[in-house]
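Colleague: Residue numbers (this note's numbering): 306 to 529.
1. Taking only the alpha-carbon atoms, compute the straight-line gap between residue 486 and residue 359 and give it to the nearest angstrom.
2. What is the rounded straight-line gap between the Cα of residue 406 and the Cα of residue 516?
3. Which of the three DSSP states, helix, strand or coil, is assigned to residue 369?
4. Please list, in chain order, all residues of the same chain as residue 408 whose beta carbon is under 6 Å from its beta carbon, the five residues on each side excluded.
5. Just reading off the beta strand (DSSP E) that residue 417 is part of, what are its end residues?
6. Within 10 Å of its beta-carbon, does residue 520 have 16 or more other beta-carbons around it, so buried, or fewer, so exposed?
7. Could you check how far apart the C-beta atoms of residue 525 and residue 377 are, in whole angstroms? I think they sit under 8 Å.
8. When DSSP builds the beta bridges, which residues end up paired with residue 406?
9. Count the other CB atoms, across all protein chains shown, that sit within 10 Å of the CB of residue 344; report buried if there are 16 or more and exposed otherwise.
10. Note down, in chain order, each residue of its chain lying with its Cβ closer than 8 Å to the Cβ of residue 518, except the 5 sequence neighbours on either side.
11. Along the chain, where does the beta strand (DSSP E) that runs through residue 437 open and close?
12. With a Cβ-Cβ cutoff of 8 Å, do residue 466 and residue 440 count as a contact?
13. Give the secondary structure of residue 498 by DSSP, where H, G and I count as helix, E and B as strand, and everything else as coil.
14. How about the region 423-438 and the region 496-508: do they share at least three Cβ pairs that are nearer than 8 Å?
15. Keeping to the same chain, check which residues put their C-beta closer than 7 Å to that of residue 312; ignore five residues upstream and five downstream.
16. Spatial neighbours of residue 470 within its chain, please: CB distance less than 7 Å, with the 5 preceding and 5 following residues excluded, ordered by chain position.
17. Provide the residue span of the beta strand (DSSP E) that contains residue 489, from first to last.
18. So, at 6 Å on beta carbons, what are the nonlocal neighbours of residue 493 in its own chain, with the 5 sequence-adjacent residues on each side left out?
19. Leaving out five residues before and five after residue 434 in sequence, what residues of the same chain have Cβ atoms less than 7 Å from its Cβ?
20. Under 8 Å by Cβ, that's how I've got residue 442 and residue 480 pegged, so tell me the actual separation to the nearest angstrom.
21. Give the single residue among 495, 451 and 496 whose Cα lies nearest to the Cα of residue 474.
22. How long is the line joining the alpha carbons of residue 410 and residue 374, rounded to whole angstroms?
23. Over what stretch of residues does the alpha helix (DSSP H) that includes residue 338 continue unbroken?
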């Protein structure tokens, strides 16, 4: 995946000396305008669909991804560090939750200039359930496909998908069609601990980037 590098002369400070002064001034307005234009330039010219952000059908604006958040941090001369706010692992129920706070650290000064939060848990639908599919009685792979009626119907284990090529008709059909299919409870929720931790960190990093000046104009609220 390509990492887009922001040139040093194009980088911004979240707070300039002029902006640190109380009140509104022409200098502040000009600096803000320059910042917004550079954010727009980075998003439109350097950040790429499918790498830095993604789209979801039915939503007008795209969703910012972790690589895009990192590019925006670089634009503002910052880097991200993470603080774990919550960690729960319940072996009895399989409930796992992580919550993180992301801090943008301003490279020249070492100051925290932005913060965002993110959380993830194993009871979210995409983790708590998994899709059960019919498996081949012979090889055990989920590569069973319904056979065409013109070739006798039944079921077959598709070699092109990694199956063994077996065909099932007659009495064997009941063995396949009686299998449970569809969403079922994931029995291995505790195995997802590392994935859930990293997702919590990613969400907090994206949340932080969305709080930077001008960024929310281009991206929708987090979708994970």
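For each residue, glycine too, the CB sits at the ideal point set by N, CA and C.
Modeller: The short version:
1. 30 Å
2. 13 Å
3. strand
4. 386, 417 and 420
5. 417-426
6. buried
7. Not confirmed; about 15 Å, so no contact.
8. 388 and 422
9. buried
10. 319, 337, 340, 341 and 344
11. 434-437
12. no
13. helix
14. yes
15. Here the model assigns residue 312 a pLDDT of 43, short of 50, so the residue's position is not dependable, and the following value carries that caveat. Answer for residue 312: no residue qualifies.
16. 462 and 464
17. 487-490
18. none
19. 488, 489, 490 and 491
20. 6 Å
21. 451
22. 14 Å
23. 331-346
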